[in-house]
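Going by the numbering used here, the first residue of the sequence shown is number 4, and it counts up by one from there.
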Amino acid sequence: MMGSESEREAAYRFLSNERVEFDAVLQPHLEQSAGRAVASGRVLAVHDTSTFKLEGSRGRELGFINTGAKGFYLHATIAVENADTRRCLGLLKATTIFREEKSKKEKKSRSGAQCASLENRESSRWWEHVAAVQAQLGHQCEVIHVADSEADNYTLLSNMLEAGCRFVIRMARDRKARGPEEDSWSRVSTAATAVEHIAEREVPLSARGAHRPPRTRKKFPPRDARIAKLCFAAMPVLLKRPAYLSDPFQKELKINVVHVYESDAPDAEEAVEWFLFTNEPVTTGEEALAVVDAYRRRWVIEEYFRAVKTGCAYEERQLENRHAWMIALAITLPLAWRLLNLRSAARRSPDTPANQTLSDTELAVLRHLRPGRVSAAPTVREAMLLVAELGGHVKNNGEPGWLVLHRGLSKLQTLAEGVEMAQALSNAGRKATRKM
4 MMGSESEREA
14 AYRFLSNERV
24 EFDAVLQPHL
34 EQSAGRAVAS
44 GRVLAVHDTS
54 TFKLEGSRGR
64 ELGFINTGAK
74 GFYLHATIAV
84 ENADTRRCLG
94 LLKATTIFRE
104 EKSKKEKKSR
114 SGAQCASLEN
124 RESSRWWEHV
134 AAVQAQLGHQ
144 CEVIHVADSE
154 ADNYTLLSNM
164 LEAGCRFVIR
174 MARDRKARGP
184 EEDSWSRVST
194 AATAVEHIAE
204 REVPLSARGA
214 HRPPRTRKKF
224 PPRDARIAKL
234 CFAAMPVLLK
244 RPAYLSDPFQ
254 KELKINVVHV
264 YESDAPDAEE
274 AVEWFLFTNE
284 PVTTGEEALA
294 VVDAYRRRWV
304 IEEYFRAVKT
314 GCAYEERQLE
324 NRHAWMIALA
334 ITLPLAWRLL
344 NLRSAARRSP
354 DTPANQTLSD
364 TELAVLRHLR
374 PGRVSAAPTV
384 REAMLLVAEL
394 GGHVKNNGEP
404 GWLVLHRGLS
414 KLQTLAEGVE
424 MAQALSNAGR
434 KATRKM
């Protein structure tokens, strides 16, 4: 990535400098993300964990992922506009998780009671992020926390309800539940499937290939692309506290369930079915659909992780120790956000003004580098193609990919920073001359 050998050596020295801290490098981006969230007024705080496999590292201090390969886990929370734009407003919090290599005995699954008895449970990261976002944004804008089925944890649900947090979480465990007016316990799926649907919608389902890891393929089996007719039902339920938990957790949680299911799936295909836990209102079809749409915007964080891994090629770096990897990550995360926004806006809203994604200085640099090819009011798609061209994209090769966009944006950002620094030095020089 660096232009010369001396620049590469300088980058390695910076990444290995113990005085450079992960939190300090990332903090300005976190603060600006929070500011954008407050300005938006209504946001989704989307939470997820991603695995980073670092085969290029020769050190053991990174830790190990489930496959036994070297790597770590990143638990991230991003702010997403709660609107049709699905615009990512930036990273709100990031936590890295390092695991020791497990023995065969340790690889066996723990029971719920064993997990609950652990002092430093990894699952506590979900509540830590929710609480941090609430403290940061809760009194300044509307926040709905959104997470996939990994966050289906009775402790987390209880904490969020007690704290008054708004949330939408996909169900992973078919817990014991009953309707508010019922006396006997059944299961969430039994109670929810007995309710008539209150809304319908046709949605396109993308194809899923068979080339996936076995565990992923089991959870998400291959399928052909199709138009699915989905039905939406909703009801309040009482969730029963698991036997391995005790006070101070409530014996029952009053919560709403939205049931999403495909009514006429092809015989050879597995029907779509979701259950979503929420404390948002779900008495009308519009309210139930709003909950589902909030969950569907969770996909933005998957795209964000893809921008980090594929766009910025973070896992392909050749670094020696944990500290260097973490500083590289702190630099990469904000760049991946810019890359994601540029690519997403150009695809979803190509006519959006480019100044909503690129700074005035960056647009001025593009005009200088590509004279006569930047219009007076450039669109985000126009800007994206020019940025990709800086990264080596050839127009005849089709749509630009992650890598050429990353190279082009990195080059543009460096040039823009140089222009701003030159302007600052020039202004400082003029002031010094006046004083003389």
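We put the CB at the ideal spot given by N, CA and C, even for glycine.
Kindly list the residues whose CB is nearer than 8 Å to the CB of residue i, restricted to its own chain and excluding five residues on each side of it in sequence; keep chain order.
i      : result
Lys107 : Confidence at Lys107 is low in this model, with a pLDDT of 47, below 50, so the placement of that residue is unreliable and no value is reported for it.
Arg16  : none
Cys144 : Ala40, Val41, Ser43, Gly44, Arg45 and Val46
Asn69  : Thr54
Tyr298 : Val149, Val171, Arg173, Trp277 and Leu279
Pro224 : Arg211 and Glu273
Ser187 : Arg181
Mind reading off the beta-carbon distance from residue i to residue j? Whole number of angstroms is fine, and I expect it under 8 Å.
i      : j      : result
Ala150 : Leu292 : Going by Cβ atoms, the distance from Ala150 to Leu292 rounds to 19 Å, so no, they are not a contact pair.
Phe67  : Ile172 : That belief does not hold up - the Cβ atoms of Phe67 and Ile172 are roughly 28 Å apart, past 8 Å.
Val407 : Ala427 : With 8 Å as the limit, Val407 and Ala427 do not qualify as a contact, their Cβ atoms being about 31 Å apart.
Leu29  : Ala333 : 4 Å
Thr360 : Val383 : 5 Å
Leu412 : Leu345 : 7 Å
Once the 5 residues before and after residue i are set aside, which same chain residues still bring their CB inside 7 Å of it?
i      : result
Ala435 : none
Leu121 : At Leu121, the pLDDT of 48 sits below 50, so the modelled position is not reliable; the number obtained from the coordinates is stated separately. For Leu121, where only same-chain residues beyond five positions count, there are no Cβ hits under 7 Å.
Ser36  : Ala82, Leu92, Gly93, Leu94 and Leu95
Ala195 : Ala236, Met238, Val260, His262 and Phe278
Arg370 : Val377
Ser192 : Asp177 and Phe278
Asn358 : Leu366
Ala154 : His50, Trp129 and Ile172
Lys110 : Interpretation of Lys110 is limited by its pLDDT of 48, a score under 50 that renders its predicted location unreliable; no figure is taken from the coordinates.
Leaving out five residues on either side along the sequence, give the residues of the same chain with a beta carbon under 6 Å from the beta carbon of residue i.
i      : result
His78  : Thr52, Thr98 and Arg128
Leu337 : Inspection of the sequence shows that residue 337 is occupied by Pro rather than by Leu. Taken in chain order, the residues that qualify are His32.
Glu365 : Leu415 and Ala419
Asn162 : Trp130
Pro207 : Ile230
Arg301 : Val49 and Val149
Arg226 : Arg211 and Glu272
Ala72  : Lys56
According to DSSP, what are the bridge partners of residue i?
i      : result
Met238 : Val260
His50  : Thr80 and Ala150
Gly74  : Lys56
Pro356 : Thr382
Ile334 : Paired residue(s): none; Ile334 is not in a bridge.
Gly93  : Ala82
Leu279 : Arg173 and Val261
Thr99  : Leu77
Phe308 : None; Phe308 has no bridge partner.
Arg45  : Glu145
Glu255 : Lys243
Phe25  : DSSP output for Phe25 lists no bridge partner at all.
Phe67  : Lys73
- Is it true that the region 258–278 meets the region 137–151, where meeting means three or more beta-carbon pairs spaced less than 8 Å apart? no
- Query: Can at least three beta-carbon pairs, one atom from the region 177–188 and one from the region 264–272, be found at a separation below 8 Å?
  - Reply: no
- At least three beta-carbon pairs within less than 8 Å, the region 310–328 to the region 284–301: no
- Message: Taking contact to mean 3 or more Cβ pairs, one atom from each stretch, closer than 8 Å, check whether the region 8–27 and the region 325–335 are in contact.
- Response: yes
- Task: Taking only runs that begin and end inside the region 153–233, name each unbroken beta strand (DSSP E) of 3 or more residues, in chain order.
- Result: 169–173, 179–181 and 202–208
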